[in-house]
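Contents: one structure, followed by commentary.
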Amino acid sequence: MPSQPMYTGALKRVPPPASAPYASAEAPAPKTHPIPSNQQDSARTWLDEGDCTPCAAKPAAAVVFVRDGASGPETFMTYRVKSPMGRVAFPGGLGVPEDAAPIGWVGPGGDYWAKAFSQDDLGAAIAAVVTAVRELFEETGVLLAGSGELSTIELTSGHECMASRLAVAQQDKTFADYLERRGLKIRADLLKPLARWQSPGFFHKRYDIHYFTCAVPVGQNPSLLAGKGIWGRWVSVRELVAHPMSVELGNEIGQDDTVGVPFQELVTPGVMYLLEQLAAASGAVAFLAKRRQVSLYLPEVKQDAAGTCYLAVQEKKI
Numbered sequence: 001m002p003s004q005p006m007y008t009g010a011l012k013r014v015p016p017p018a019s020a021p022y023a024s025a026e027a028p029a030p031k032t033h034p035i036p037s038n039q040q041d042s043a044r045t046w047l048d049e050g051d052c053t054p055c056a057a058k059p060a061a062a063v064v065f066v067r068d069g070a071s072g073p074e075t076f077m078t079y080r081v082k083s084p085m086g087r088v089a090f091p092g093g094l095g096v097p098e099d100a101a102p103i104g105w106v107g108p109g110g111d112y113w114a115k116a117f118s119q120d121d122l123g124a125a126i127a128a129v130v131t132a133v134r135e136l137f138e139e140t141g142v143l144l145a146g147s148g149e150l151s152t153i154e155l156t157s158g159h160e161c162m163a164s165r166l167a168v169a170q171q172d173k174t175f176a177d178y179l180e181r182r183g184l185k186i187r188a189d190l191l192k193p194l195a196r197w198q199s200p201g202f203f204h205k206r207y208d209i210h211y212f213t214c215a216v217p218v219g220q221n222p223s224l225l226a227g228k229g230i231w232g233r234w235v236s237v238r239e240l241v242a243h244p245m246s247v248e249l250g251n252e253i254g255q256d257d258t259v260g261v262p263f264q265e266l267v268t269p270g271v272m273y274l275l276e277q278l279a280a281a282s283g284a285v286a287f288l289a290k291r292r293q294v295s296l297y298l299p300e301v302k303q304d305a306a307g308t309c310y311l312a313v314q315e316k317k318i
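Printed below as a string of structure tokens:
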């Protein structure tokens, strides 16, 4: 566990885009998100059964890369089969027990991250950061690590790096061991806390996702994991947000569960909301530099007059 880390980053709070309806300045109306047709029966059953206790949410983390493009902010998105993050999502994944092991560290420590994400367990807060950095390395090859507070590794391509990514992803070696053997420490100061989303109560598998944001370090470029990655690239955030019903991206990915599917059904409510916030930013620097108060989101199942279930998402400051 890190000791006496220093925080050098800045945070940001971006207001929702104009399309988000507000009842008043003090009480924003909940945003809504459609529930896919294959989940409608489960959602109705959840409502019919009344006050059910949802299953425990497993810890997870994801990172929103940000850069400037010709059409405004861009981010890197990937496709993964049956991912808790959604079919199309930001790089990330589930936590593993090894994420709680001691590890080299630069940047804010447990107190900061626990406060940012409203967690009582400092160890769990640190583990969420490790999960984010590890998953980035596995899925994209981007490594937020260096030998010290002024150092960041620049080259993460090549056969040796890919072999290490595969070994960590398959849990043949731990991420902490990989860093230690190379004299590297996690650069937690490069990450900014963004939001915390929990899966709806009717899900049989629920996740507590800690979202972070950062820029890709100089000299590094995201690349898919050999033999595992199917699709991934930089996308124009504003184009995606402006055309939520477009099937173009799903057709490009070309998988059975993406072809002909509107973009808003390929992503979770959390991913869509964060894309909307990024689309509202003037640019990458503005998104990364301004302060934000992390919010907790727990979508609730609602039903319209026609009997169709949907999710209502109310922002809760934490």
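Quick note: the sequence shown uses UniProt numbering, first residue 1, plus one each step. All C-beta atoms, glycine included, are put in the ideal place defined by N, C-alpha and C. Just so it is clear, the structure is predicted and the values come from calculations on it, not from any experiment.
Buried or exposed for residue i, please, with buried defined as at least 16 other CB atoms from any protein chain shown within 10 angstroms of its CB.
{"i": "E160", "result": "exposed"}
{"i": "L136", "result": "buried"}
{"i": "L311", "result": "buried"}
{"i": "E260", "result": "In the sequence under discussion, the amino acid at residue 260 is Gly, which differs from the Glu named in the question. Its Cβ having fewer than 16 others within 10 Å, G260 is exposed."}
For residue i, does the three-state DSSP call read helix, strand or coil?
{"i": "Q303", "result": "strand"}
{"i": "H210", "result": "strand"}
{"i": "T53", "result": "coil"}
{"i": "I186", "result": "strand"}
{"i": "residue 328", "result": "Since the displayed the chain opens at 1 and closes at 318, residue 328 lies outside it and no answer follows."}
{"i": "F65", "result": "strand"}
{"i": "S295", "result": "strand"}
{"i": "L150", "result": "coil"}
{"i": "V259", "result": "coil"}
{"i": "S42", "result": "helix"}
{"i": "G270", "result": "helix"}
{"i": "P97", "result": "helix"}
{"i": "R80", "result": "coil"}
{"i": "L155", "result": "coil"}
{"i": "L47", "result": "helix"}
{"i": "K58", "result": "strand"}
{"i": "S236", "result": "strand"}
{"i": "G201", "result": "coil"}
{"i": "G92", "result": "strand"}
Using only the alpha-carbon positions, how far apart do residue i and residue j sit?
{"i": "G158", "j": "P262", "result": "36 Å"}
{"i": "V271", "j": "T213", "result": "13 Å"}
{"i": "D177", "j": "K185", "result": "11 Å"}
{"i": "L266", "j": "P102", "result": "36 Å"}
{"i": "L11", "j": "A306", "result": "Note that L11 scores 34 on pLDDT, short of 50, meaning its location in the model is unreliable and no value can be drawn from it."}
{"i": "K31", "j": "L274", "result": "12 Å"}
{"i": "S223", "j": "S83", "result": "18 Å"}
{"i": "G148", "j": "Y112", "result": "19 Å"}
{"i": "G254", "j": "L225", "result": "18 Å"}
{"i": "R182", "j": "G72", "result": "37 Å"}
{"i": "A62", "j": "E138", "result": "12 Å"}
{"i": "G227", "j": "R134", "result": "18 Å"}
{"i": "A289", "j": "V129", "result": "19 Å"}
{"i": "D41", "j": "F287", "result": "39 Å"}
{"i": "F65", "j": "F90", "result": "8 Å"}
{"i": "D51", "j": "A43", "result": "13 Å"}
{"i": "R233", "j": "W46", "result": "36 Å"}
{"i": "V313", "j": "S118", "result": "19 Å"}
{"i": "L296", "j": "Y211", "result": "10 Å"}
{"i": "V301", "j": "Q39", "result": "11 Å"}
{"i": "E315", "j": "S151", "result": "37 Å"}
{"i": "Q303", "j": "F202", "result": "13 Å"}
Provide the residue span of the alpha helix (DSSP H) that contains residue i, from first to last.
{"i": "I35", "result": "Neither: I35 is in no alpha helix (DSSP H) and is coded neither H nor E."}
{"i": "A125", "result": "122–140"}
{"i": "L225", "result": "Counting along the chain, L225 falls outside any alpha helix (DSSP H), and DSSP gives it neither H nor E."}
{"i": "A284", "result": "284–289"}
{"i": "D177", "result": "175–181"}
{"i": "I253", "result": "248–253"}
{"i": "D172", "result": "D172 -> no alpha helix (DSSP H), and no H or E assigned at all."}
Once the 5 residues before and after residue i are set aside, which same chain residues still bring their CB inside 7 Å of it?
{"i": "L298", "result": "Q198"}
{"i": "L239", "result": "One point to set straight first is that residue 239 is Glu, not Leu, in the sequence displayed. For E239, where only same-chain residues beyond five positions count, the Cβ hits under 7 Å are S71."}
{"i": "E180", "result": "G104"}
{"i": "S24", "result": "Caution is warranted here: a pLDDT of 40 is assigned to S24, below 50, making its placement in the model unreliable, and the coordinate value is therefore given only provisionally. Taken in chain order, the list of residues that qualify is empty."}
Can you find the residues in the same chain that come closer than 6 Å, C-beta to C-beta, to residue i, ignoring five residues on each side of it along the sequence?
{"i": "L122", "result": "G110, A114"}
{"i": "D208", "result": "A57, P59, Q198"}
{"i": "C55", "result": "R206"}
{"i": "T173", "result": "Checking the displayed sequence, the identity of residue 173 turns out to be Lys instead of Thr. Within the same chain, K173 has close Cβ partners A167."}
{"i": "residue 345", "result": "In the structure as shown, the chain begins at 1 and stops at 318. Residue 345 is therefore absent and cannot be evaluated."}
{"i": "L249", "result": "F263"}
Under 8 Å Cβ to Cβ from residue i, same chain only, skipping five residues before and after it: list those, please.
{"i": "Q220", "result": "G141, V142, L143, I153, E154, L155, T156"}
{"i": "V237", "result": "G72, P73, E74, T75, L275, L278, A279"}
{"i": "V247", "result": "V259, G260, V261, P262, F263"}
Just to confirm the assignment, what range does the beta strand (DSSP E) spanning residue i have?
{"i": "Q198", "result": "192–198"}
{"i": "A215", "result": "That residue, A215, is in no beta strand (DSSP E); it is neither H nor E in DSSP."}
{"i": "A312", "result": "309–313"}
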